[in-house]
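Numbering (the UniProt record's numbering), first residue to last: 1 to 124.
Report on the following structure.
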């Protein structure tokens, strides 16, 4: 089992093209941990903004009466992928993992696969 810091470090080392990663509480919009980022990628701002995305999607699913869970949300930019994976485990309700990936270096399918593996090992 990995803690937050170890999980985020694994994401940056095992997934090609990671620009930054965060574990985010979408009830508050606060990042519980971050790694990477920089002047062009403020992970605190990304955490808060992506919280709004998650909340909107959850609310829309409720309004539509969809009885299904969100695995992940993908936002594709010109040069980046932003991947949001909602966590489903003991003690992880209301949390998501967020990855920003360099589109030219990342393999999206492998990133999703690795993020799922990291989620399964994460212990909060």
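Every residue gets a Cβ at the ideal spot worked out from N, C-alpha and C, and that includes glycine.
Just so it is clear, the structure is predicted and the values come from calculations on it, not from any experiment.
- [ ] Compute the Euclidean distance between the alpha carbons of residue 62 and residue 86, then round it to the nearest angstrom.
- [x] Here residue 62 corresponds to residue number 62 of the chain shown, with the count starting at 1. Here residue 86 corresponds to residue number 86 of the chain shown, with the count starting at 1. Going from the Cα of residue 62 to the Cα of residue 86 covers about 16 Å.
TODO: Please list, in chain order, all residues of the same chain as residue 118 whose beta carbon is under 6 Å from its beta carbon, the five residues on each side excluded.
DONE: As a first step, residue 118 must be located in the chain shown, where it is residue number 118. These residues qualify, in order along the chain: 7, 10 and 11.
Task: Separation of residue 49 from residue 106, as counted between CA atoms - done: If you number the chain shown from 1, residue 106 lands on position 106. If you number the chain shown from 1, residue 49 lands on position 49. If you draw a straight line from the Cα of residue 106 to the Cα of residue 49, it is about 22 Å long.
- [ ] With a threshold of 16 other CB atoms inside 10 Å of the CB of residue 113, please say whether the residue is buried or exposed.
- [x] Residue 113 sits at position 113 when you count from the first residue of the chain shown. Classification for residue 113: exposed.
- [ ] Within its chain, find whatever has a CB closer than 7 Å to the CB of residue 108; leave out the 5 residues flanking it on each side and keep chain order.
- [x] For the purposes of this step, residue 108 is taken as the residue at position 108 of the chain shown. The residues are 81.
- [ ] Measure the C-alpha to C-alpha separation of residue 71 and residue 94 and round it to an integer number of angstroms.
- [x] Counting from 1 along the chain shown, the entry for residue 71 is found at position 71. Counting from 1 along the chain shown, the entry for residue 94 is found at position 94. Using only the alpha carbons, I get a separation of about 13 Å.
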